[in-house]
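Colleague:
Residue numbers (this note's numbering): 2 to 631.
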């Protein structure tokens with residue numbers, strides 16, 4: 002029988018002096034023997050096992066996982082699927098009552114069953130695998146009548162061969178998928194590493210190979226345990242050494258390879274907040290696979306500075322450490338420390354990051370990120386997308402200014418430090434947000450167009466514009482939308498907040514004209530002649546409600562300098578100036594649509610034909626505390 006065997010290097014335990022730390026870490030190389038086979042149901046007629054799932058060779062070239070993950074593909078996989086398309090793999094824990102064919106005698110002759118704790122560890126390891134790839138593991142009995150495709154037990158066989166573990170790749174042979182852990186590794190001395198050992202051998206049993214074995218291989222710099230459980234190297238370039246803590250879930254390259262073989266699992270598909278202070282993130286390396294939702298890396302409870310990188314495939318320093326010990330000769334050990342212990346697997350999309358009370362670095366990705374530095378002097382780089390820096394407190398407590406090509410935000414009261422923002426488009430406080438791109442949008446249109454849009458806010462709502470909305474409509478006009486079309490869209494928006502704006506879908510033409518007169522001309526009782534004229538224009542279709550506002554605005558401006566009605570034009574000009582200061586010069590937007598209307602109305606109502614000071618005071622932000630551009 003041809004066995005596709007590969008040798009793993011779990012050798013005897015060695016105690017060695019750590020010259021850097023003065024301690025004696027337990028040294029264990031990683032696994033040392035695996036192959037290919039398969040088994041499940043006992044055929045009573047033949048007295049042996051016949052395959053209940055089929056394993057086919059798979060190509061390790063041109064795969065979606067990329068060249069690095071291709072280095073982990075053995076060329077074998079389980080392919081039995083259920084109705085939903087998931088690959089179903091059975092597993093079992095062998096005992097003295099189990100049956101084996103002759104190929105397994107080297108291992109089964111000294112079989113020792115897994116303890117209840119070992120079985121629990123194994124189930125947990127299988128759970129971490131099914132969380133990242135489209136596989137369902139089903140536990141079955143292991144006896145004279147049946148057994149799993151993957152079978153677990155201890156045996157003296159691996160140790161006699163110089164190994165700590167021995168596993169077989171998937172195949173139609175009875176021995177395929179079997180996992181044997183050396184009896185020596187059943188001792189408490191191996192408690193710190195046993196979970197990783199079982200995980201490593203299990204990944205062999207479902208089709209992964211070592212990254213240094215034949216065919217496609219990893220370069221030395223990437224062939225480390227932090228990247229793949231299938232590596233032997235605690236640090237790049239050496240297989241002699243150990244780690245202070247070993248992974249208990251597939252690492253980033255393992256996830257890519259598993260998803261290449263079996264497809265990606267739906268995992269944490271909701272809006273997930275990952276508490277990076279949780280013990281599960283502090284003890285060893287982590288690799289996150291998150292398939293959907295609006296997700297957050299939350300380091301707010303971590304007691305040291307962090308570097309959070311939201312790019313898929315990137316590593317983050319979350320304030321945890323894993324020490325590595327590499328043999329340096331002469332019974333000495335080189336000690337180094339991994340600080341970037343968290344990896345986001347390829348395809349994982351995390352939208353938000355929250356820092357610590359210390360000086361952090363938060364790096365966004367191509368999504369629309371929310372980055373919250375919290376305390377300390379932080380560096381926030383949003384990258385691509387429309388990104389927001391969030392702050393806890395009123396905007397009045399902060400100073401926001403442009404420094405070079407970046408924005409600097411200084412907390413003047415509650416100790417959140419001074420942050421530098423790069424590639425960030427918005428700064429959000431508890432009451433107001435600052436749009437850092439609206440000035441670019443305003444510069445892209447003529448002054449007349451800018452004034453026209455600002456005055457639409459005045460005419461329809463008698464309020465100052467919000468920067469976010471103004472930015473959008475300026476973009477629409479820059480793409481060719483007419484003022485009249487924008488005005489029609491404003492009217493539809495006004496209907497959505499009829500309780501605040503005074504508009505309704507069933508209001509008469511006369512009632513509509515009265516509201517416009519009040520907003521534009523400051524007159525609650527329009528003259529009968531004007532009311533009749535504009536109402537007739539709406540009735541005969543020569544004006545839409547949007548275009549009528551534009552016409553009334555133009556009419557009001559025609560009175561500029563008029564001894565009797567010149568104040569109307571002056572009032573409009575002053576409302577425009579205050580609106581421009583609020584939305585363009587300061588880039589401000591209230592954080593709810595309702596507040597943008599009500600507070601915007603309050604500011605506009607404070608404007609007179611001769612004074613803007615009272616209205617600017619109502620904004621509540623001094624111009625010397627908010628300087629974002631021009």
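All C-beta atoms, glycine included, are put in the ideal place defined by N, C-alpha and C.
Can you find the residues in the same chain that come closer than 7 angstroms, C-beta to C-beta, to residue 1, ignoring five residues on each side of it along the sequence?
Modeller: There is no way to answer for residue 1, as the model of the chain reaches only from 2 to 631.
Colleague: Just the Cα atoms here: how many angstroms apart are residue 568 and residue 525?
Modeller: One C-alpha to the other measures close to 16 angstroms.
Colleague: Identify whether residue 327 lies in helix, strand or coil by the three-state DSSP scheme.
Modeller: Here residue 327 sits in strand by DSSP.
Colleague: Roughly how many angstroms lie between the CA atoms of residue 153 and residue 111, to the nearest whole one?
Modeller: Taking the straight line from one Cα to the other gives about 13 angstroms.
Colleague: Let me confirm a value: residue 212 is counted as buried when at least 16 other C-beta atoms fall within 10 Å, else exposed. Which label applies?
Modeller: When all chains shown are included, residue 212 counts as buried.
Colleague: Using the beta-carbon count (16 or more within 10 Å), is residue 299 buried or exposed?
Modeller: The residue is buried, with at least 16 neighbouring Cβ atoms inside 10 Å.
Colleague: Could you have a look at residue 40 and say whether DSSP puts it in helix, strand or coil?
Modeller: Because residue 40 carries a pLDDT of 32, less than 50, the predicted location of this residue cannot be relied on, and the following value inherits that uncertainty. DSSP places residue 40 in coil when its eight states are reduced to three.
Colleague: Measure from the alpha carbon of residue 456 to the alpha carbon of each residue in 141, 267, 605, 99, then state which is nearest.
Modeller: Per the Cα distances, 605.
Colleague: Could you compute how far the alpha carbon of residue 535 sits from the alpha carbon of residue 608?
Modeller: Between residue 535 and residue 608, the C-alpha separation is close to 26 angstroms.
Colleague: Does the stretch 142-159 come close enough to the stretch 264-276 that 3 or more CB-CB pairs lie under 8 angstroms?
Modeller: Judged by Cβ distances under 8 angstroms, the stretch 264-276 makes no contact with the stretch 142-159, as fewer than three pairs qualify.
Colleague: Compute the beta-carbon to beta-carbon distance between residue 1 and residue 214, rounded to the nearest angstrom, for a pair I have assumed lies under 8 angstroms.
Modeller: Outside the displayed range of the chain (2 to 631) lies residue 1, so it cannot be described from this structure.
Colleague: Within 8 angstroms, do at least three Cβ pairs link the stretch 193-201 to the stretch 245-253?
Modeller: Yes: at least three Cβ pairs fall under 8 angstroms.
Colleague: Nearest by alpha-carbon distance to residue 178: which of 79, 224, 109 is it?
Modeller: Answer by Cα proximity: 79.
Colleague: Could you give the uninterrupted runs of the beta strand (DSSP E) lying entirely in the stretch 530-594, keeping only those of 3 residues or more?
Modeller: Counting only runs of 3 or more, we get 589-591.
Colleague: Please identify the residue among 475, 459, 183 whose C-alpha is closest to the C-alpha of residue 162.
Modeller: Ranking the options by Cα distance to residue 162, first place goes to 183.
Colleague: Could you tell me which of 68, 500, 615, 523 sits nearest to residue 571, measuring between CA atoms?
Modeller: Closest by alpha carbon: 523.
Colleague: Tell me where the beta strand (DSSP E) around residue 156 begins and ends.
Modeller: Element bounds for residue 156: 151-156.
Colleague: Is residue 401 closer than 9 angstroms to residue 414 when the C-beta atoms are compared?
Modeller: Against a cut-off of 9 angstroms, the Cβ pair of residue 401 and residue 414 comes out as no contact.
Colleague: Fully enclosed by the stretch 473-515, which beta strand (DSSP E) runs are 3 residues long or longer?
Modeller: Complete beta strand (DSSP E) runs here, min 3: none at all.
Colleague: How far does the alpha helix (DSSP H) with residue 459 in it reach, from first residue to last?
Modeller: Element bounds for residue 459: 448-462.
Colleague: Among 327, 474, 369, whose alpha-carbon lies nearest the alpha-carbon of residue 239?
Modeller: Among 327, 474, 369, the Cα nearest to that of residue 239 is on 327.
Colleague: Determine the closest residue to residue 133 out of 449, 168, 320, 204, with distance taken between C-alpha atoms.
Modeller: Among 449, 168, 320, 204, the Cα nearest to that of residue 133 belongs to 204.
Colleague: Beta-carbon separation of residue 655 and residue 321 under 9 angstroms?
Modeller: The shown model of the chain, from 2 to 631, leaves out residue 655, and the question about it has no answer.
Colleague: Per DSSP, what kind of secondary structure is residue 435 in: helix, strand or coil?
Modeller: Residue state, collapsed to three classes: strand.
Colleague: Could you tell me the alpha carbon to alpha carbon distance between residue 30 and residue 108, rounded to whole angstroms?
Modeller: Legend: pLDDT at residue 30 = 33, less than 50; position of this residue unreliable, value from coordinates given subsequently. Residue 30 and residue 108: Cα-Cα distance of roughly 21 angstroms.
Colleague: Can you tell me whether residue 310 is helix, strand or coil according to DSSP?
Modeller: In this structure, residue 310 counts as strand in the three-state DSSP scheme.
Colleague: Verify whether the separation of the beta carbon atoms of residue 370 and residue 353 is less than 9 angstroms.
Modeller: A contact, by the Cβ cut-off of 9 angstroms.
Colleague: Output the distance between the C-alpha atoms of residue 135 and residue 95, rounded to the nearest integer angstrom.
Modeller: Their backbone Cα atoms lie some 25 angstroms apart in a straight line.
Colleague: Would you call the stretch 621-631 and the stretch 575-592 in contact, with 3 or more CB pairs under 8 angstroms?
Modeller: Contact holds: three or more Cβ-Cβ distances are below 8 angstroms.
Colleague: Pick helix, strand or coil for residue 402, following the three-state DSSP scheme.
Modeller: Three-state DSSP puts residue 402 in a strand.
Colleague: Could you check whether residue 379 and residue 362 sit closer than 9 angstroms to each other, using their CB atoms as the reference points?
Modeller: Yes.
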